[in-house]
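Novice: Counting from 1049, one number per residue, gives the positions in the sequence shown under the working numbering.
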Amino acid sequence: MSLRLDALWRNLNHGDGSERDASRIALGVADGKIAWIGPEAELPAFEQAPEFAQYDGAGAWVTPGLVECHTHLVFGGNRADEFRRRLAGASYEDIARAGGGILSTVAATRKASEDALFAAAAPRLRRLIAEGVTAVEIKSGYGLDARTEAKMLRVARLLGRELPVTVYTTFLGAHALPPEYRGRPDEYIELVCADMLPLLAGQGLVDAVDVFCENIAFSVAQSERIFQAAARLGLPVKMHAEQLSNIGASQLATRYGALSADHLEHAVEADVAAMSRAGTVAVLLPAAYYCLRETKRPPVELFRRHGVPMAISTDCNPGTAPVLSPLLTMNMACTLFGLTVEEALQGYTRHAARALGRVHLHGTLEVGRHADFALWDVDSLAELAYWLGASPCAAVIRHGQIVHGAAKSSDC
Ligand code: DI6
Ligand code: FE
1049 MSLRLDALWR NLNHGDGSER DASRIALGVA DGKIAWIGPE AELPAFEQAP EFAQYDGAGA
1109 WVTPGLVECH THLVFGGNRA DEFRRRLAGA SYEDIARAGG GILSTVAATR KASEDALFAA
1169 AAPRLRRLIA EGVTAVEIKS GYGLDARTEA KMLRVARLLG RELPVTVYTT FLGAHALPPE
1229 YRGRPDEYIE LVCADMLPLL AGQGLVDAVD VFCENIAFSV AQSERIFQAA ARLGLPVKMH
1289 AEQLSNIGAS QLATRYGALS ADHLEHAVEA DVAAMSRAGT VAVLLPAAYY CLRETKRPPV
1349 ELFRRHGVPM AISTDCNPGT APVLSPLLTM NMACTLFGLT VEEALQGYTR HAARALGRVH
1409 LHGTLEVGRH ADFALWDVDS LAELAYWLGA SPCAAVIRHG QIVHGAAKSS DC
């Protein structure tokens, strides 16, 4: 069968992140998908579609588009005041127990109009795109009532329509106990399971379901009820697990075949072994660890030993990770958690796509995947995790279209 291309990118560097693997490749795009990839010298004869364009990568390094698999990108207000209080000695848990923290963002998000939420989130998302992101997960969880959770998820969907990035939505109704249910957590869980989740899923707003399973949030038994409700609707689950303590969250997640367990600073070997058996991805969120000045690191060596894939994400949220830089997050994963550069890159691509259950669409440069890739003006891919406060991202291509930066057309 003859190869027909809408675009051809030549003169790209490609490898697993170390210089010695560098080789110049070409990448052909058709219908927004990767139609051919390989060493330039092996490019077969192909037919040019009417609008065919050819680009010279000028020796830039190419990676798959980065995949942000854990964000709370849509929210009202910000928590700079809480940052001050934590600097003055208050802990995240103290502030949460006193009704601040997540609940202060809930109050601001309930008040904000849909337009205002969109206007605040769009520039955040543009920053992620400018650093190579082509797919992002966005959670609800600052509404904690059906109206506001729906509003957040609609804004997330709209971001995906208006900006050149693929958005996956996650319902996190069980993020915190809303003030009107104080002292009645089981009744709130009932509301989430019986009303909110079926309603929002029925509106097509929910791609996955998450729970914050923690001492200051929801118990294992309450989390399990949410997972059962998700299972009834055929929705995949994931979990904020073992961030501040270990109450058995990740093991519950594995019993429900969770796509991912996220944070995991307090995970122990039995948790990791269960994740390995269930194929659950470990999503590491080093920016939250950094911002909270945590000292307990996730058990990276155990994840390696048990073959649990490690993904990385910003956790972008107004409380514990006001972070909009995937590259800074990669640096933190290496510097604070001890990942190698190659692990950090895989964590932002292949494993992040797997954490979203979308490895067939994103995260690798293979024929048939979305033509989502980023070009980097670096001498080796180690520079992606090496520079702080600078982005060497030269161009971002999504579904075959240049969505950030410039690229040279060429006739060669
Ligand atoms: N864990 C986190 O790190 C974020 N949510 C969660 O469950 C924090 C959200 C916030 O503080 O606003
Ligand atoms: Fe989070």
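Glycine included, every Cβ here is placed at the ideal spot set by N, Cα and C.
Everything numeric in this text was worked out from a predicted model, so none of it was measured.
Who are asparagine 1365's beta bridge partners in DSSP?
Specialist: Ala1369.
Novice: Tell me tryptophan 1057's beta-bridge partners as DSSP assigns them.
Specialist: Partner(s): Leu1075, Tyr1103.
Novice: Which one of Val1329, Gly1252, Glu1238, Leu1091 has the shortest CA to CA distance from leucine 1206?
Specialist: It is Gly1252.
Novice: Who's in the neighbourhood of ligand 2, going by beta-carbon under 6 Å from any heavy atom, listed in chain order?
Specialist: Counting every residue whose Cβ lies closer than 6 Å to a heavy atom of ligand 2, we get His1118, His1120, His1288, Asp1363, Asn1365.
Novice: What residue ranges within the stretch 1268-1332 form continuous alpha helix (DSSP H) runs of no fewer than 4 residues, ordered along the chain?
Specialist: For the stretch 1268-1332, whole alpha helix (DSSP H) runs of length 4 or above, ordered along the chain, are 1268-1280, 1297-1303, 1317-1326.
Novice: Please tell me whether, using a cut-off of 7 Å, the distance from the CB of threonine 1368 to the nearest non-hydrogen atom of ligand 1 is below it.
Specialist: It does: the Cβ of threonine 1368 is within 7 Å (strictly closer) of some heavy atom of ligand 1.
Novice: Just checking histidine 1447 against ligand 1 - is the residue's beta carbon closer than 7 Å to any of the ligand's heavy atoms?
Specialist: Histidine 1447: no, Cβ never under 7 Å from ligand 1.
Novice: Report yes if the C-beta distance between threonine 1111 and leucine 1375 is below 8 Å; otherwise report no.
Specialist: Not a contact, by the Cβ cut-off of 8 Å.
Novice: Alpha carbon to alpha carbon, what distance is there between proline 1440 and aspartate 1425?
Specialist: Each residue's Cα considered, the two are about 5 Å apart.
Novice: Going straight from the alpha carbon of threonine 1153 to that of methionine 1200, what length do you get?
Specialist: Taking the straight line joining both Cα atoms gives about 12 Å.
Novice: I think threonine 1397 touches valine 1115, with their Cβ atoms under 8 Å apart; what is that distance to the nearest whole Å?
Specialist: That pair is a contact at about 6 Å.
Novice: When DSSP labels each residue in this structure, what does glutamate 1342 get in the three-state scheme?
Specialist: In the structure shown, glutamate 1342 sits in coil (DSSP, three-state: anything other than H, G, I, E or B).
Novice: Quick check on leucine 1192: does DSSP put it in helix, strand or coil?
Specialist: Coil at leucine 1192, not helix or strand.
Novice: Once DSSP output is grouped into helix, strand and coil, what is the label at arginine 1145?
Specialist: Arginine 1145: helix per DSSP, three-state reduction.
Novice: Tell me which residue opens and which closes the alpha helix (DSSP H) that isoleucine 1150 is part of.
Specialist: Isoleucine 1150 -> alpha helix (DSSP H) spans 1150-1159.
Novice: Quick test of the definition: if touching needs 3 or more C-beta pairs under 8 Å, does the stretch 1381-1392 touch the stretch 1344-1359?
Specialist: They touch, by the three-pair rule.
Novice: Please indicate yes or no: does the CB of phenylalanine 1421 lie closer than 7 Å to some heavy atom of ligand 1?
Specialist: No, the Cβ of phenylalanine 1421 stays beyond 7 Å of every heavy atom of ligand 1.
Novice: Please look up how many angstroms separate the CB atoms of serine 1271 and leucine 1300, rounded, as I've assumed it's under 8 Å.
Specialist: With a Cβ gap of about 6 Å, serine 1271 and leucine 1300 count as contacting.
Novice: Report whether the distance from the Cβ of isoleucine 1237 to the nearest heavy atom of ligand 1 is below 7 Å.
Specialist: Every heavy atom of ligand 1 is 7 Å or more from the Cβ of isoleucine 1237, so no.
Novice: In the structure shown, what three-state DSSP assignment does threonine 1412 receive?
Specialist: Reduced to three states, the DSSP call for threonine 1412 is coil.
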